[in-house]
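These notes concern the structure reproduced below.
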Amino acid sequence: MDKFIIANWKMNPSSEKEAGFLLRGVIKNLKKVKNRKIVICPPFLFLSFVKKMKNNLIELGAQDVSTSEKGSQTGQISATMLKNTGVGYVIVGHSERRAQGENSEIINQKIINTLKQNITPVLCLGEKERDSSGNYLNYIEQEIRTCLLNVSSSQVENILIAYEPVWAISDSKQREATKEEFIEIKIFIKKVISDIYSPKIAHNIKILYGGSVNKLNAKYYTEEGGADGLLVGRDSLDAKKFIQIIDSLI
Ligand code: PGA
0 MDKFIIANWK MNPSSEKEAG FLLRGVIKNL KKVKNRKIVI CPPFLFLSFV
50 KKMKNNLIEL GAQDVSTSEK GSQTGQISAT MLKNTGVGYV IVGHSERRAQ
100 GENSEIINQK IINTLKQNIT PVLCLGEKER DSSGNYLNYI EQEIRTCLLN
150 VSSSQVENIL IAYEPVWAIS DSKQREATKE EFIEIKIFIK KVISDIYSPK
200 IAHNIKILYG GSVNKLNAKY YTEEGGADGL LVGRDSLDAK KFIQIIDSLI
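248 is the number that numbering that gives the first Met the number 0 gives to position 249 of the sequence shown; each next residue is one higher, with no gaps.
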């Protein structure tokens with residue numbers, strides 16, 4: 000099964016020239032290996048540039064999408080615009096966007112728009128903290144149920160779910176997640192998906208891990224934790240480190 004390695008460049012780099020330098024570094028060292036999908040999600044501003052410069056071992060992703068399909072939405076980018084720019088993946092529900100007020104209803108609308116354009120949503124979810132009474136599980140269940148409202152069985156298998164515990168993301172990092180913590184949530188997400196859809200869909204759905212992924216822990220999450228892929232922030236901004244993560248999975 001394909002393993003996804005998704006680079007989330009966030010609000011980096013600060014110029015097209017630097018974006019070119021970073022991407023060239025990745026392209027130069029990227030080996031052709033089966034069963035891996037490398038997706039790069041630059042800021043909107045650099046999508047066309049990355050599209051022109053990338054090779055066919057790299058797929059193009061965006062970091063967000065509008066809740067509206069078209070019309071008067073100052074500063075917004077629609078799923079149709081992304082489709083027409085060659086985007087195949089969109090990160091939705093990242094905790095850094097949720098921190099700016101984005102809730103699961105908004106994320107649900109973004110997922111619906113994205114799926115309509117046959118773009119793969121990468122749905123990020125995860126708790127801010129782990130409490131001993133297990134409330135974080137209720138929180139995650141609620142996130143899944145609301146974000147997937149009105150998403151049909153045939154559509155849901157096209158979604159990638161990325162478990163990103165907020166406490167493990169590099170900027171706010173308290174500590175790294177253990178494989179046991181990832182496995183627990185993976186099983187839990189599959190149970191919720193099974194309740195909403197079916198055991199077969201739960202079996203097929205892909206669950207990625209994100210939060211301080213680096214060359215030393217990448218394989219730990221995919222092999223020992225059984226993650227279907229990784230969402231990489233900080234270490235995707237350094238071509239050498241990003242390639243080391245990719246190569247560590249071989
Ligand atoms: P990080 O970011 O790898 O820098 O922790 C991951 C993310 O926020 O998607």
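Even for Gly, the Cβ is constructed at its ideal location relative to N, Cα and C.
Inter-stretch contact (C-beta, 8 Å, three-pair minimum) for the region 213-228 and the region 189-198 | no
What residue from Asn102, Glu95, Ile143 has the CA that sits closest to Met10's CA?
-> Nearest neighbour of Met10 by Cα position, chosen from Asn102, Glu95, Ile143, turns out to be Glu95.
Taking Cβ positions, are Glu156 and Ile204 nearer each other than 8 Å?
-> yes
Just to confirm, does Asp227 get its C-beta within under 7 Å of one of the non-hydrogen atoms of ligand 1?
-> no
Does the distance from the CB of Asn7 to the CB of Ala238 come in under 8 Å?
-> Pairing Asn7 with Ala238 gives a Cβ-Cβ distance that is not under 8 Å.
Residue nearest to Asp194 in terms of C-alpha spacing, selected from Gly210, Ile143, Leu207 = Considering only alpha carbons, the answer is Ile143.
Whole angstroms is fine: what's the gap from Lys36's alpha carbon to Arg97's?
-> C-alpha separation (whole angstroms): 26 Å.
When the Cβ atoms of the region 162-176 are set against those of the region 102-122, are three or more pairs found closer than 8 Å?
-> no
Completely contained alpha helix (DSSP H) runs for the region 85-154, where each covers 4 or more residues | 94-97, 103-115, 134-146
Please indicate yes or no: does the CB of Leu207 lie closer than 7 Å to some heavy atom of ligand 1?
-> no
Does the Cβ of Ile249 have 16 or more other Cβ atoms within 10 Å, making it buried, or fewer, making it exposed?
-> exposed
Report back the beta-carbon spacing between Val86 and Leu46 to the nearest angstrom; my notes put them in contact at under 8 Å.
-> Sure, about 7 Å apart at Cβ, within 8 Å.
Nearest CA to the CA of Gly74: which residue from Arg23, Gly125, Asp63, Glu223?
-> Asp63
Gln173 versus Lys69 - alpha carbon distance = Looking at the two C-alpha atoms, the distance is approximately 40 Å.
At what residue ranges does the region 169-228 contain a whole run of the beta strand (DSSP E), taking only runs of 3 or more?
-> 205-209
Should Glu163 be listed as close to ligand 1, given that the test is whether its C-beta is under 7 Å from any heavy atom?
-> yes
For the putative contact between Ala176 and Gly133, defined by C-beta atoms under 8 Å, what is the C-beta separation to the nearest angstrom?
-> Not a contact, Cβ separation roughly 16 Å.
Name the residue from Gly92, Lys50, His93, Gln99 whose alpha carbon lies nearest to the alpha carbon of Leu81.
-> Its Cα nearest to that of Leu81, the residue Lys50 stands out among Gly92, Lys50, His93, Gln99.
Leu159 (DSSP reduced to helix, strand or coil) = strand
Return yes when at least one heavy atom of ligand 1 lies under 7 Å from the C-beta of Leu230, else no.
-> The beta carbon of Leu230 sits closer than 7 Å to at least one heavy atom of ligand 1.
When you compare only the Cα positions, how much space is there between Tyr138 and Lys31?
-> 40 Å
Mapping DSSP to helix, strand and coil, what is Val64?
-> coil
Which word fits Pro198, buried or exposed, when buried means at least 16 other C-beta atoms lie within 10 angstroms of its C-beta?
-> exposed
Closest by CA to Lys185, which one among Val91, Glu223, Ile90, Asn149?
-> Glu223
State the CB to CB distance for the pair Gly92 and Cys123, rounded to an integer number of angstroms; the pair is presumed to be in contact (CB under 8 Å).
-> That belief holds up - the Cβ atoms of Gly92 and Cys123 are roughly 5 Å apart, short of 8 Å.
Run of the beta strand (DSSP E) containing Phe251, from where it starts to where it stops = No information on residue 251 is available, as it lies outside the stretch 0 to 249 that the chain covers here.
May I ask you to check if the CB of Asn112 is nearer than 7 Å to at least one heavy atom of ligand 1?
-> Answer for Asn112: no, Cβ out of range of ligand 1.
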